[in-house]
Ligand code: NDP
Ligand code: GDR
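Numbering (my numbering), first residue to last: 280 to 608.
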């Protein structure tokens with residue numbers, strides 16, 4: 280039985296990855312940080328199958344302990360302060376967790392179990408103000424937020440530990456990926472939750488920032504398969520994971536409102552509060568390396584993803600699916 284340690288297991292990706300590894304009959308250890316109120320929403324259904332270890336990415340001693348207890352074959356470092364907008368008002372916490380936290384995790388592995396395979400959750404935000412399109416593994420980085428800067432550090436320290444200590448350390452440069460488990464502040468979920476609230480009469484507007492930004496959005500369930508595949512190869516390497524399609528935030532809004540038969544222009548209000556100090560205008564990934572070398576492929580399209588997220592929010596908020604609701608309309 281293989282053993283895996285996942286940091287960030289309570290987040291969106293951690294929950295899908297834990298499901299995947301449990302299906303593959305891994306023994307899964309999950310690092311959780313102390314919170315005043317338990318936060319198991321994404322993993323409630325598999326909570327009893329995970330071996331929980333208390334720790335924090337900013338506390339090296341807790342990570343050393345986590346590696347000692349779990350003795351992992353594979354470590355997936357998904358924990359981060361992951362919300363770009365929060366990285367401006369909290370740049371130091373973002374740096375300590377999202378950048379230095381990676382060194383802490385790598386050090387814990389190097390000291391206790393250097394033969395463990397290591398996955399780092401790098402990000403398309405590292406490309407920022409893009410210098411070429413589409414973006415691939417060799418595209419230079421130009422981050423546009425404290426979050427993006429922190430991820431560039433996390434990326435290079437992972438490459439450096441691979442080259443310095445011969446560790447099996449991989450970095451997945453993942454473009455935006457979403458699901459019904461996405462945090463409510465991220466734009467896809469904010470829109471699908473907002474549309475569901477409006478449809479159910481719980482809200483009458485949706486306040487948004489820059490509708491012109493373009494993103495390459497995929498489904499999180501597809502992306503965690505790529506993480507696992509990276510650690511099953513003969514050699515460690517870095518891979519871009521993306522859909523190869525880009526859409527504006529406005530297109531996202533249109534699809535979500537159209538799905539429930541509403542005109543977005545009647546409800547969306549532009550609010551400066553949600554406009555960022557520096558924006559990433561366009562992301563579009565070239566994932567040919569991952570397709571060729573990992574045999575990775577997508578299963579869920581953008582439109583289907585948005586519609587299923589609206590459905591899930593309608594169900595959660597109204598306790599009825601949209602299909603059921605349609606019968607009553
Ligand atoms: P989430 O924000 O959903 O999850 C983040 C996780 O990190 C949560 O489990 C959170 O715990 C945990 N965490 C935060 N701070 C600490 C800390 N100091 N110590 C220990 N754990 C901590 O992120 P996603 O699942 O969306 O993303 C996973 C990773 O992939 C992140 O590193 C993100 O930056 C990166 N990424 C994500 C992309 C995406 O589109 N989703 C794209 C590219 C990269 P808690 O539940 O207690 O808050
Ligand atoms: P992003 O995701 O910054 O790409 O980072 P987010 O969904 O927050 O923003 C995407 C784009 O939408 C624009 N936008 C808004 N965003 C939010 N959150 N709220 C709004 O009201 C709004 N209006 C417009 C943003 O300006 C932006 O252009 C995500 C995170 O998961 C990171 O952790 C990850 O690394 C990257 O994706 C790849």
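Even for Gly, the Cβ is constructed at its ideal location relative to N, Cα and C.
Original post:
Roughly how many whole angstroms lie between the Cα atoms of residue 281 and residue 305?
Top reply: 5 Å
Subject >> Contact between the segment 581 to 596 and the segment 430 to 450 (3+ Cβ pairs under 8 Å) >> reply: no
Original post:
Could you give the uninterrupted runs of the beta strand (DSSP E) lying entirely in the segment 338 to 389, keeping only those of 3 residues or more?
Top reply: Within the segment 338 to 389, the complete beta strand (DSSP E) segments at least 3 residues long are 353 to 356, listed from N- to C-terminus.
Subject >> residue 369 beta carbon near ligand 1 (any heavy atom closer than 7 Å) >> reply: no
Subject >> Exposed unless 16 or more other CB atoms sit within 10 angstroms - verdict on residue 460 >> reply: buried
Original post:
Under three-state DSSP, which class holds residue 535?
Top reply: helix
**OP:** State the start and end residues of the unbroken alpha helix (DSSP H) segment that holds residue 476.
**Re:** Its alpha helix (DSSP H) spans residues 466 to 478.
**OP:** Please classify residue 290: does DSSP put it in a helix, a strand, or coil?
**Re:** Shown here, residue 290 sits in coil according to DSSP, grouped into three states, outside any helix or strand.
Original post:
Among the residues of its own chain, which have a CB less than 7 Å from the CB of residue 393, if the five just before and after it don't count?
Top reply: 444, 446
Original post:
Between residue 638 and the rest of its own chain, which residues show a CB-CB distance below 7 Å, the 5 nearest in sequence each way excluded?
Top reply: As displayed, the chain neither begins before 280 nor continues past 608, which places residue 638 out of reach and without an answer.
Subject >> Alpha-carbon to alpha-carbon, residue 336 and residue 376 >> reply: 6 Å
Original post:
Should residue 497 and residue 413 be called a contact, given that it needs their Cβ atoms to be closer than 8 Å?
Top reply: It is not a contact, given that the beta carbons lie outside the stated cut-off.
Original post:
Is it the case that the CB of residue 467 approaches a heavy atom of ligand 2 more closely than 7 Å?
Top reply: yes
Subject >> Backbone CA spacing between residue 608 and residue 535 [nearest angstrom] >> reply: Here residue 608 scores only 44 on pLDDT, less than 50, and its place in the model is too uncertain to base an answer on.
Original post:
Using the beta carbon as the reference atom, which residues fall closer than 5 Å to any heavy atom of ligand 1, ordered along the chain?
Top reply: 287, 289, 290, 291, 292, 312, 318, 335, 336, 357, 358, 359, 361, 376, 400, 402, 453, 455, 456
Original post:
Which value, in whole angstroms, describes the spacing of the CA atoms of residue 513 and residue 572?
Top reply: 11 Å
Original post:
If you scan the segment 509 to 576 from start to end, which runs of the alpha helix (DSSP H) of 4 or more residues do you find wholly inside it?
Top reply: 528 to 538, 567 to 573
Original post:
From what residue to what residue does the alpha helix (DSSP H) around residue 435 run?
Top reply: 425 to 444
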